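Undergrad: Take this structure first; my questions come after.
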Amino acid sequence: MNSIKSFRVSGKEQLLLFNSARFLLFFPAVTLIYFIIPHRWRYLWLLGASYYFYMCWSPRYALLMAASTLITWLSGLGLERAERFWGPGRRTRWKKLFVGFSFALNLGILFVFKYLDFALETLQRLLAAVGAQVALPALDLLLPVGISFYTFQALSYTVDVYRGDVKAEHNLLRYALFVSFFPQLVAGPIERSKELLGQLQEKHGFDFARAKSGVLLMLWGYFEKMVVADRAAIFVNQVFARYRACEGLTCVLAVVLFAIQVYCDFAGYSDIACGAAEVMGFRLMQNFRQPYFAHTLAEFWARWHISLSTWLQDYLFEPLVWSGWAQRLPLVGKRMKRPPVYSSLILTFLVSGLWHGASWTYVAWGALHGGLQVLGKLTKKLRRRVLRRLRVEVDQPCHRLLQQMLVFTSVCASYVFFRSASIRDALNFFGRVFSTPNPWVLFDGSLYCWGLDKLQWAVLLVAIAMLWLVDLWRGHADLRGQLERQCRPVRWTAYVGAVLLVAVFGVYGPQFDASRFIYFQF
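Sequential numbering from 54 applies to the sequence shown in the working numbering.
In structure tokens, the structure reads:
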């Protein structure tokens with residue numbers, strides 16, 4: 054199993070993966086024709102290429118994306134008409150109606166295909182718990198790839214038009230390209246209309262320096278995905294599949310490597326997407342900014358999956374806080390000191406968990422992150438007083454390193470729920486972590502029984518060290534810019550070395566299918 058919880062791809066439904074030979078033919082061809090044809094036809098060419106990219110997985114499910122596109126486009130036109138031609142009272146009512154129409158239909162589609170089976174299964178268990186034996190149907194629908202990403206992107210357009218942040222797009226096909234732009238279609242970044250829609254009208258000439266910079270970013274993404282993430286996945290998948298046969302340190306290593314795997318898998322996709330867009334002249338938002346160097350969980354979420362974190366903050370958390378909804382909760386609302394902030398924070402992370410998947414493990418993962426952040430806010434003053442009493446300098450490197458380790462440990466602990474198939478499996482996995490200590494596994498060769506031999510472990514550890522050094526460097530300097538300022542022999546040595554590194558040490562070949570990106574299923 055190449056991903057956390059597998060999704061079904063059957064028959065002729067095959068993804069056009071970034072790390073497949075088909076994409077390495079598709080992308081240069083699309084880019085070449087894009088720069089050859091006249092500017093006025095380019096968005097149509099990219100729209101056709103984007104729908105082809107998605108239909109390589111399933112032509113019929115592209116209709117869902119088209120439906121979401123049409124709904125949000127019409128709602129944008131309706132909002133514009135209400136703003137222009139209707140009086141204040143009528144305008145407000147109709148604008149809310151158009152937004153509600155857009156959200157209801159889009160979230161309804163998302164619910165049916167992603168959450169309906171989960172809701173029916175949960176309802177059946179609740180009925181069984183009270184003694185009612187009811188057999189509810191299981192639809193077992195195929196989960197459309199990337200549906201959560203393009204749905205959120207389309208909905209953000211509706212809200213942006215409602216708030217007046219962008220004007221309604223009158224060209225349906227150009228707006229359809231905004232929703233379906235192939236580099237970031239199935240796993241983000243979740244782009245904002247005010248950032249990407251305008252770029253679709255800009256004229257982009259071919260720029261060799263920009264294209265080279267984009268290809269370098271793509272190469273780094275391939276390194277993250279194929280050298281680090283896919284190699285770590287071999288060990289992680291085997292341990293989580295047979296965790297009952299593991300003890301102590303073996304389980305800890307699996308969790309730590311999963312943290313590295315999921316980061317490199319998703320950051321790798323984002324870097325390839327941003328690099329591919331950059332080659333064609335488009336700027337996508339940075340989706341990761343060295344998250345495992347964060348000193349608090351709040352900082353971690355400001356650095357991790359930034360497009361989703363900021364989406365949830367702008368379109369869910371802040372509206373919840375300003376609405377004061379929690380103040381109206383019975384018994385609780387008037388007793389809590391700041392219930393809108395804390396309750397809204399918990400609710401936002403619960404939604405984040407459900408966004409990742411229809412499973413109670415994702416809900417638990419989201420609840421854990423939300424609860425820890427609320428706990429951190431509630432104890433902030435107490436912790437400051439304790440540190441002052443102990444005369445601890447908070448800016449000292451040792452203290453900051455300790456903070457990073459605590460944040461990373463918390464994130465890794467939450468990943469046990471994220472990666473496990475059920476809550477029971479997650480709790481049992483924690484039991485194995487705290488079972489018999491076995492530090493000897495680092496020296497007796499038993500780790501080689503979990504899919505990686507001695508050479509593969511050496512490659513993985515060296516690759517992780519390279520990842521850490523580059524992330525550390527990127528946090529303080531423009532790595533690609535510094536490379537471009539070097540002399541030609543140094544630059545081309547780096548270029549050729551990067552290609553050979555991925556070609557020689559990447560996980561692929563006849564014994565491996567092209568490994569799907571983890572976030573394709575979300």
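We treat Cβ as the ideally placed atom computed from N, Cα and C, and that holds for glycine. As the structure is a computational prediction, the values presented were derived from the model and not from experiment.
1) By Cβ distance, which residues of its chain are closer than 7 angstroms to L350, with the 5 residues on each side in sequence left out?
2) Below 7 angstroms CB to CB, which residues in the same chain sit around R356 once its five sequence neighbours on both sides are set aside?
3) Leaving aside the five residues before and after V543 along the sequence, list all residues of the same chain whose C-beta is less than 7 angstroms from its C-beta, in chain order.
4) When the Cα atoms are used, what is the spatial distance from D46 to Y275?
5) Measure the CB-CB distance between L230 and L369 and report whether it falls below 8 angstroms.
6) Answer yes or no: the CB of L306 versus the heavy atoms of the ligand COA, is any distance below 7 angstroms?
7) From which residue to which residue does the alpha helix (DSSP H) around Y468 run?
8) Measuring alpha carbon to alpha carbon, tell me which of M458, L130, G484 ends up nearest V469.
9) From D283 to S473, what distance separates their C-alpha atoms?
10) Going by CA-CA distance only, name the one from L455, A511, I162, N224 that's closest to L195.
11) Alpha carbon to alpha carbon, how far is V332 from F261? Give it in angstroms, no decimals.
12) Quick check: what's the CA-CA separation for G386 versus L403?
13) What would DSSP say about W110, mapped onto helix, strand or coil?
14) To the nearest angstrom, report how far apart F482 and Y296 are at their CA atoms.
15) With distance defined between alpha-carbon atoms, name the residue in F235, L208, F288, T489 nearest to D367.
16) Looking only at C-alpha atoms, which of W273, S266, D213 sits nearest to L249?
17) Over what stretch of residues does the alpha helix (DSSP H) that includes T211 continue unbroken?
18) In the structure shown, what three-state DSSP assignment does I90 receive?
19) Quick check: what's the CA-CA separation for W354 versus F471?
20) By the 10 Å Cβ neighbour count, where 16 or more other Cβ atoms means buried, how is I90 classified, buried or exposed?
21) Under 8 angstroms between the Cβ atoms of G406 and V394?
22) For F171, I'd like the list of residues in its chain whose CB is within less than 8 angstroms of its CB, leaving aside the five on either flank, ordered along the chain.
23) In terms of residue numbering, what span does the alpha helix (DSSP H) encompassing V512 cover?
24) Just reading off the alpha helix (DSSP H) that V292 is part of, what are its end residues?
25) Within the same chain, show all residues whose beta-carbon is closer than 6 angstroms to that of L373, passing over the 5 residues directly before and after it, in chain order.
26) Can L189 and L176 be called in contact, C-beta distance under 8 angstroms?
27) Suppose you measure from the CA of Y168 to the CA of H409; what does that come to, to the nearest Å?
28) Rounded to whole angstroms, what's the CA-CA distance from P81 to A551? Just pull it up for me.
29) Exposed or buried, which one is K247 when buried takes at least 16 other CB atoms within 10 Å?
30) Is it buried or exposed for R245, if we count other Cβ within 10 angstroms and need 16 for buried?
31) What first and last residue would you give for the alpha helix (DSSP H) that runs through N159?
32) Across the stretch 123-135 and the stretch 265-273, are there enough close Cβ pairs to call them in contact, namely three or more that are closer than 8 angstroms?
33) What span of residues does the alpha helix (DSSP H) with S488 cover, start to end?
TA: Looking at the coordinates:
1) Position 297 of the sequence shown holds residue 350. So the list reads H422, L425, Q426, G429, V460, S463, once near-sequence residues are dropped.
2) Residue numbering aside, residue 356 sits at position 303 when the sequence shown is read from its first letter. If we look at R356 and ignore the five residues flanking it on each side, its Cβ neighbours are F341, R342, Q343, P344, A347.
3) What you label residue 543 is simply residue 490 of the sequence shown in a count that begins at 1. Same-chain partners within the cutoff: there are none.
4) Residue 46 is absent from the structure shown; the chain starts at 54 and stops at 575.
5) Taking the first residue of the sequence shown as 1, we reach residue 230 at position 177. Taking the first residue of the sequence shown as 1, we reach residue 369 at position 316. No, Cβ-Cβ distance for L230 and L369 is not below 8 angstroms.
6) The model on display carries no ligand, and the ligand COA is accordingly not part of it.
7) Taking the first residue of the sequence shown as 1, we reach residue 468 at position 415. Here the alpha helix (DSSP H) through Y468 covers 450-472.
8) For the purposes of this step, residue 469 is taken as the residue at position 416 of the sequence shown. Out of M458, L130, G484, G484 has the C-alpha closest to the C-alpha of V469.
9) In the sequence shown, counting from the first residue as 1, residue 283 sits at position 230. In the sequence shown, counting from the first residue as 1, residue 473 sits at position 420. Roughly 18 angstroms between the two C-alpha positions.
10) Position 142 of the sequence shown, counted from the start, is the residue given in the question as residue 195. Here the closest residue by C-alpha is I162.
11) As a first step, residue 261 must be located in the sequence shown, where it is residue number 208. As a first step, residue 332 must be located in the sequence shown, where it is residue number 279. Between the alpha carbons of F261 and V332 lies a gap of roughly 9 angstroms.
12) By one-based count along the sequence shown, residue 386 stands at place 333. By one-based count along the sequence shown, residue 403 stands at place 350. Only weak support exists for where G386 lies, its pLDDT of 48 falling under 50; the value from the coordinates is given anyway. Straight through space, the alpha carbons of L403 and G386 are spaced by roughly 19 angstroms.
13) For the purposes of this step, residue 110 is taken as the residue at position 57 of the sequence shown. Here W110 carries a coil assignment [DSSP, helix/strand/coil].
14) Residue 482 sits at position 429 when you count from the first residue of the sequence shown. Residue 296 sits at position 243 when you count from the first residue of the sequence shown. Approximately 7 angstroms between the Cα atoms of the pair.
15) The residue you call residue 367 lines up with position 314 of the sequence shown. Closest option to D367, Cα to Cα, is L208.
16) The count along the sequence shown starts at 1 and reaches residue 249 at position 196. Ranking the options by Cα distance to L249, first place goes to D213.
17) Along the sequence shown, read from residue 1 onward, the residue named residue 211 stands at position 158. That run of the alpha helix (DSSP H) goes 200-216.
18) Position 37 of the sequence shown holds residue 90. I90 falls in the coil class under three-state DSSP.
19) Sequence index remark: in the sequence shown, residue 354 carries index 301 (1-based). Sequence index remark: in the sequence shown, residue 471 carries index 418 (1-based). Their backbone Cα atoms lie some 16 angstroms apart in a straight line.
20) In the sequence shown, the residue the question calls residue 90 occupies position 37. Answer is exposed; the Cβ neighbour count stays below 16.
21) Counting from one through the sequence shown, the residue named residue 406 turns up at place 353. Counting from one through the sequence shown, the residue named residue 394 turns up at place 341. One thing to note: G406 has its Cβ no nearer than 8 angstroms to the Cβ of V394.
22) Counted from its first residue, the sequence shown places residue 171 at position 118. Counting only Cβ-Cβ distances below 8 angstroms, and skipping sequence neighbours, we find A411, S412.
23) Stepping through the sequence shown from its first residue, residue 512 is reached at position 459. 507-527 is the span of the alpha helix (DSSP H), which, as asked, contains V512.
24) Numbered from 1 along the sequence shown, position 239 holds the residue referred to as residue 292. First-last of the alpha helix (DSSP H) with V292: 283-294.
25) Residue numbering aside, residue 373 sits at position 320 when the sequence shown is read from its first letter. Cβ neighbours of L373 beyond the five flanking positions: S397.
26) By 1-based counting over the sequence shown, the position of residue 189 is 136. By 1-based counting over the sequence shown, the position of residue 176 is 123. For L189 and L176, yes; Cβs fall inside 8 angstroms.
27) The sequence position of residue 168 within the sequence shown is 115, counting from 1. The sequence position of residue 409 within the sequence shown is 356, counting from 1. Pairing Y168 with H409, the inter-Cα distance amounts to about 11 angstroms.
28) On the sequence shown, position 28 is the one that residue 81 refers to. On the sequence shown, position 498 is the one that residue 551 refers to. Roughly 19 angstroms between the two C-alpha positions.
29) The residue you call residue 247 lines up with position 194 of the sequence shown. By the neighbour-count criterion, in which a residue is buried when 16 or more other Cβ atoms sit within 10 angstroms of its Cβ, K247 is exposed.
30) What you label residue 245 is simply residue 192 of the sequence shown in a count that begins at 1. Residue environment for R245: buried (at least 16 other C-beta atoms within 10 angstroms of its C-beta).
31) Residue 159 sits at position 106 when you count from the first residue of the sequence shown. Segment 141-163, the alpha helix (DSSP H) holding N159.
32) By the Cβ criterion, the stretch 123-135 is not in contact with the stretch 265-273, since fewer than three pairs of Cβ atoms, one from each stretch, lie closer than 8 angstroms.
33) Reading the sequence shown from its first residue, position 435 is the one you call residue 488. First-last for S488: undefined, no H or E at that position.
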